[in-house]
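Residue numbers 1 to 387, in the UniProt record's numbering, belong to the letters of the sequence shown in order.
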Amino acid sequence: MPSPLTPRQILERLVAFPTVSRDSNLALVDWVEEFLEGAGITAHRVWNEERTKAALYAHVGPEVDGAVVLSGHTDVVPVEGQDWSSDPWTLTERDGRLYGRGTCDMKGFDALALAALALAQETGVKRPLQIALSFDEEVGCLGAPAMIDEMARCLPKGRAVIVGEPSRMQVVTGHKGGGGLICHVQGHEVHSSIMHRGVNAIMSAARLIDWANRRNAQSAAARPSEVAALFDPPWTTVHVGTIRGGTAGNITARDCRFDMGFRAVPGETVEEWVATFEAEARALEAEMKAIHPEAQIRIARLFGYPPLRPESEGAAEALARRLSGDNGTHVVSYGTEAGQFQAAGYSAVVCGPGDIAQAHQPDEYLEVAQFEEGWAFLQRLVADLAR
Numbered sequence: 001m002p003s004p005l006t007p008r009q010i011l012e013r014l015v016a017f018p019t020v021s022r023d024s025n026l027a028l029v030d031w032v033e034e035f036l037e038g039a040g041i042t043a044h045r046v047w048n049e050e051r052t053k054a055a056l057y058a059h060v061g062p063e064v065d066g067a068v069v070l071s072g073h074t075d076v077v078p079v080e081g082q083d084w085s086s087d088p089w090t091l092t093e094r095d096g097r098l099y100g101r102g103t104c105d106m107k108g109f110d111a112l113a114l115a116a117l118a119l120a121q122e123t124g125v126k127r128p129l130q131i132a133l134s135f136d137e138e139v140g141c142l143g144a145p146a147m148i149d150e151m152a153r154c155l156p157k158g159r160a161v162i163v164g165e166p167s168r169m170q171v172v173t174g175h176k177g178g179g180g181l182i183c184h185v186q187g188h189e190v191h192s193s194i195m196h197r198g199v200n201a202i203m204s205a206a207r208l209i210d211w212a213n214r215r216n217a218q219s220a221a222a223r224p225s226e227v228a229a230l231f232d233p234p235w236t237t238v239h240v241g242t243i244r245g246g247t248a249g250n251i252t253a254r255d256c257r258f259d260m261g262f263r264a265v266p267g268e269t270v271e272e273w274v275a276t277f278e279a280e281a282r283a284l285e286a287e288m289k290a291i292h293p294e295a296q297i298r299i300a301r302l303f304g305y306p307p308l309r310p311e312s313e314g315a316a317e318a319l320a321r322r323l324s325g326d327n328g329t330h331v332v333s334y335g336t337e338a339g340q341f342q343a344a345g346y347s348a349v350v351c352g353p354g355d356i357a358q359a360h361q362p363d364e365y366l367e368v369a370q371f372e373e374g375w376a377f378l379q380r381l382v383a384d385l386a387r
């Protein structure tokens, strides 16, 4: 049966759910399931271990290989501490813009994808269309892998994945991979007047942070590969964003914790960079233990996702270019779930409405013109699948 809701009305419903990554997304998933059921579409959930969150996927059309997959995430970043001009959980239109948390990143595309799935069901497509909505993308692309694995096992294989992250409807064929660590340096406290008998965790951590500085400088000075040269910057970056530790100015710090993040260009892997960093940490740890045996460095992985590599004659790129008319070369330094789909054997691109500059901002917005361009793109897709 035809969808009772327009894409704009679907977006209004999705924005109203405060699906910040730290919280559950189940109220939104419940609503999406009901919407799809009303359109005659069966949805499937993939739960997290605590069953407090779920990813969702669905299939429309004949049970044959070759589906186009529309991929989005349901979680958003927090609004605390941001100065909003209107309620972030209420879709508000002003001056040709749709304001609300997630309008750009990326409930705008989610709404369009749901409307497209309902349209495909109503139209009766001859080639299948699938949707994949994940959770915890904003905290490291954590929720997609299990969903992708189950889709590959339980559904006819998709031939092309369109991840609708904001790209101003340009066809993005490559992005960097990402990884995050938490490093805990444990030293040995003594009075700073006899600091040579202690192990200062902060000063030891500073050596590891300076390793990041030195590697960034080396990478910036090296000649990039042909693929890396497409990115800005054209090298793998190592970044520390937070650090805390110490007790007082006259005590060698017992503890220091800092995060370390990697954004790896295609052709390099986060795993290789992490292994190099861990080797540096183990060498430093040996020096620390020589002073005091309880000194140590603990490294915990927070997340990791692969890069999206530009494909030679990729099915997703060819399809997205044909539907959008965009023939430019576009890559981005932020990460998406497209690399995870590609690693699982799918052809993938990023193409969605909105500008990444608006993501995570106060007064986040999606231009109405971009929303309409995205809907025209997906209507052309459904018509193409119906031929």
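The beta-carbon is built from N, C-alpha and C at its ideal position, and this holds for glycine as well.
Beta-carbon proximity check, residue i vs residue j, cutoff 9 Å
i	j	result
Leu-208	Ile-148	no
Pro-266	Pro-307	yes
Phe-109	Ala-55	no
Trp-375	Ala-115	yes
Ser-204	Ala-290	no
Gly-61	Leu-385	yes
Gly-40	Ile-131	no
Glu-364	Tyr-99	yes
Gly-66	Pro-156	yes
Arg-263	Thr-242	no
Val-331	Tyr-305	no
8 Å contact criterion, which residue i and residue j should meet: CB distance rounded
i	j	result
His-59	Pro-128	6 Å
Tyr-346	Val-69	7 Å
Thr-252	Met-195	5 Å
Cys-351	Ser-85	No, Cys-351 and Ser-85 are not in contact; Cβ-Cβ is about 29 Å, not under 8 Å.
Val-240	Asp-259	6 Å
Ala-179	Phe-303	A quick correction: the sequence has Gly, not Ala, at residue 179. Indeed, because the Cβ distance is near 7 Å, the residues count as touching under 8 Å.
Val-199	Met-288	5 Å
Glu-189	Arg-254	5 Å
Ala-283	Ile-299	That pair is no contact at about 13 Å.
Those residues which DSSP pairs with residue i across a bridge
i	result
Cys-183	Phe-258 and Ile-299
His-175	Leu-308 and Val-332
His-73	Ser-134
Val-349	Ile-162
His-188	Val-199
Ile-251	His-191
Gly-245	Cys-256
Arg-45	Leu-56
Val-68	Leu-129 and Ala-160
Arg-214	BP columns for Arg-214 are empty, so no partner.
Ala-264	Gly-177
Opening and closing residue of the beta strand (DSSP E) in which residue i lies
i	result
Leu-129	129 to 134
Leu-91	Neither: Leu-91 is in no beta strand (DSSP E) and is coded neither H nor E.
Thr-123	Thr-123 -> not in any beta strand (DSSP E); alpha helix (DSSP H) instead, spanning 108 to 123.
Arg-153	From DSSP, Arg-153 is part of no beta strand (DSSP E) but of the alpha helix (DSSP H) over 144 to 154.
His-360	Here His-360 belongs to no beta strand (DSSP E), and DSSP marks it neither H nor E.
Arg-97	97 to 99
Thr-237	237 to 239
Extent of the continuous alpha helix (DSSP H) run through residue i
i	result
Val-32	26 to 38
Arg-197	Careful: Arg-197 lies outside any alpha helix (DSSP H) and carries neither H nor E.
Val-274	270 to 291
Cys-8	The identity of residue 8 in the sequence shown is Arg, whereas the question assumes Cys. First-last of the alpha helix (DSSP H) with Arg-8: 7 to 15.
Arg-223	It is not in any alpha helix (DSSP H) - Arg-223 carries neither H nor E in the DSSP assignment.
His-382	Looking at the sequence itself, residue 382 is Val, so the reference to His does not match. From DSSP, the alpha helix (DSSP H) with Val-382 extends over 368 to 386.
Leu-323	315 to 324
Phe-341	338 to 343
Using 8 Å as the Cβ pair cut-off and three pairs as the minimum, do the segment 12 to 30 and the segment 83 to 100 touch?
yes
Please determine if the segment 323 to 337 and the segment 161 to 175 are in contact, where contact requires at least 3 C-beta pairs separated by less than 8 Å. yes
Below 8 Å, can you find three or more Cβ-Cβ pairs linking the segment 43 to 54 to the segment 362 to 370? no
inquiry  = Counting beta carbon pairs with one atom in the segment 235 to 252 and one in the segment 309 to 322, are three or more of them shorter than 8 Å?
reply    = no
(message) I want to know whether the segment 17 to 27 touches the segment 116 to 123 - three or more CB-CB distances under 8 Å.
(response) no
Contact between the segment 169 to 188 and the segment 69 to 83 is defined here as three or more beta-carbon pairs at a separation below 8 Å; is this criterion met?
no
Validate contact between the segment 226 to 237 and the segment 138 to 153 using beta carbons, cut 8 Å, 3 pairs: no
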